[in-house]
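Engineer:
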Amino acid sequence: MRHNKAVNHLGRQSGHRKALLANMASSLILKKRITTTVAKAKALKPYLEPLVTKSKEDTTHNRRVVFSYLKDKNAVSELFRVIAPKIADRPGGYLRILHTGFRQGDAAEMALIEFVDFNEAALASGKKEEKKATRRSRSKKAAEPAAEAAPAAEPVAEEAPAAEPAAEEPKAE
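The numbering used here applies: residue 8 is where the sequence shown begins, and numbers increase by one.
(1) Given a threshold of 16 other Cβ atoms within 10 Å of its Cβ, counted over all protein chains shown, does A114 qualify as buried or as exposed?
(2) DSSP has L27 in a bridge; who is on the other side?
(3) Would you identify the three-state DSSP class for L86, choosing helix, strand or coil?
(4) Please check the pair L55 and L27, which I expect to be a contact at CB under 8 Å, by giving their CB distance rounded to whole angstroms.
(5) Across which residues does DSSP place H106 in a beta bridge pair?
(6) Buried or exposed: L86, going by 16 or more other Cβ atoms within 10 Å of its Cβ?
(7) If you count every other CB in all the chains shown that lies within 10 Å of the CB of K12, and 16 or more means buried, which is it?
(8) Would you mind reading off the limits of the beta strand (DSSP E) that contains T42?
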């Protein structure tokens with residue numbers, strides 16, 4: 008029986024496993040999204056989420072604790088400077104695992120693991136929904152951009168004659 012044996016050892020000894028998770032966590036922090044096997048993604052999520060929680064409070068102690076896990080100065084600074092402010096109001100669940108299919112060579116089940124707040128595809132789909140709302144009143148919205156475009160063209164026309172007399176002055180000398 009496997010009572011109280013919740014850690015997936017990933018077929019590695021502890022030193023190799025810790026190095027693997029530290030490297031994967033650093034890559035995920037720097038790139039915001041990586042593709043790996045489902046087992047590694049599931050092992051990475053509980054490894055990295057407490058570190059992201061620690062990054063919410065930017066203290067020297069928290070930076071040293073996170074550095075002891077990640078062993079990468081660039082990843083630590085990226086976590087505290089870029090990721091922590093964006094996830095400050097989120098109470099947890101910073102990572103998302105998406106199953107992507109099977110690898111060609113050995114049919115291992117693959118997954119995409121990413122930060123929830125850094126998903127460009129989801130943010131782009133949210134913008135598309137906003138566009139649908141503006142299409143309902145197409146006549147009003149279409150009139151406003153045309154009115155805004157006309158004043159923008161007029162200052163350009165005013166600037167061009169101002170540049171011509173300046174060009175004529177050197178000719179007169």
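Virtual Cβ for every residue (Gly too), placed ideally from N, Cα, C. Note that this is a predicted model, so its numbers are computed, not measured.
Structural biologist: Well, looking at it:
(1) By the neighbour-count rule (16 or more Cβ atoms within 10 Å), A114 is not buried but exposed.
(2) None, per the DSSP bridge assignment.
(3) In this structure, L86 counts as helix in the three-state DSSP scheme.
(4) Incorrect: roughly 13 Å between the Cβ atoms, too far for contact.
(5) BP columns for H106 point to A118.
(6) Classification for L86: buried.
(7) K12 should be labelled exposed.
(8) For T42, the enclosing beta strand (DSSP E) starts and ends at R40 to T44.
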